[in-house]
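Below is one structure, written out as structure tokens, with a few remarks after it.
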Amino acid sequence: EQAEGRVLARLDRPEARNVIDWATVEELHALCAELEAEPKVLLLAGADGIFAAGADIAELRERRRLDALQGINSSVFERISRLPMPSIALIDGYALGGGAELAYACDFRLGSTRARVGNPEPGLGILAAAGAAWRLKELVGEPVAKEILLAGRTLGADEALEIHLLSEVTAPEDLE
């Protein structure tokens, strides 16, 4: 959705909990190209009460070593972090794994009272590998980053606000 000076991009795959798949990455790259050419504030949101429940695990299982070295998700998250105008993640519901990493790449994160942010990758026997390891440390400090990244801790809205991972917490309807 375009408006004067801003664009609202919505991850809208509620049947898949808005997971970030290859098609989503390509669409985010296309959006970044538009915003690099004509800078506007970027608002990123999810659909149906979920920001993004992570990367598409089925796709991840199909990826091989060369895919991992390409940094498929990390390259678009880095591009978002370098946009010439501010980017704001509007987090309603879950922002987990790759969804959390997408939110960490934004300049600001606003959450609803239903926001849940974390990296459950340790439970899958993997580590967050699309920028969370260094971005989260910069955002919340090393001890909390280690709890989230190595122990799989998920933060509720109030706790995320308390440690400044979220800039503001509001009612879900206020994020619309």
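Going left to right, the sequence shown walks through residues 2 to 177 as this note's numbering numbers them. Don't be surprised by glycine CBs; every beta carbon is placed ideally from N, CA and C.
Same chain, Cβ closer than 6 Å to residue i, five either side skipped, listed in chain order
i	result
I51	R18, N19, G94, Y95
A158	G112, T114, A116, V170
A46	R11, L91
Same chain only: Cβ atoms within 7 Å of residue i, ignoring 5 sequence neighbours per side
i	result
Q3	none
D49	P15
G6	K41, V42
Spatially closest choice to residue i from the options, by CA coordinates
i	options	result
L176	L44, L140, K138, N120	L44
P85	L156, A146, C33	C33
P123	L162, E148, P40	E148
L125	L150, L137, P173	L150
CB-CB length for residue i against residue j, believed under 8 Å
i	j	result
V118	A146	With a Cβ gap of about 12 Å, V118 and A146 do not count as contacting.
V77	L9	That belief does not hold up - the Cβ atoms of V77 and L9 are roughly 18 Å apart, past 8 Å.
L166	L140	6 Å
Under the three-state DSSP convention, the category residue i falls into
i	result
E1	Outside the shown range of the chain (2 to 177) lies residue 1, about which nothing can therefore be said.
Cβ neighbours of residue i in the same chain (closer than 8 Å, five flanking residues each side left out)
i	result
I89	V42, L43, L44, L45, C107, D108, F109, R110, L111
P121	G55, L97, G98, G153, T155
L36	V8, L43, L84, P85, M86
Tell me, please, whether the stretch 123-135 touches the stretch 95-106 by the rule of three or more beta-carbon pairs shorter than 8 Å. yes
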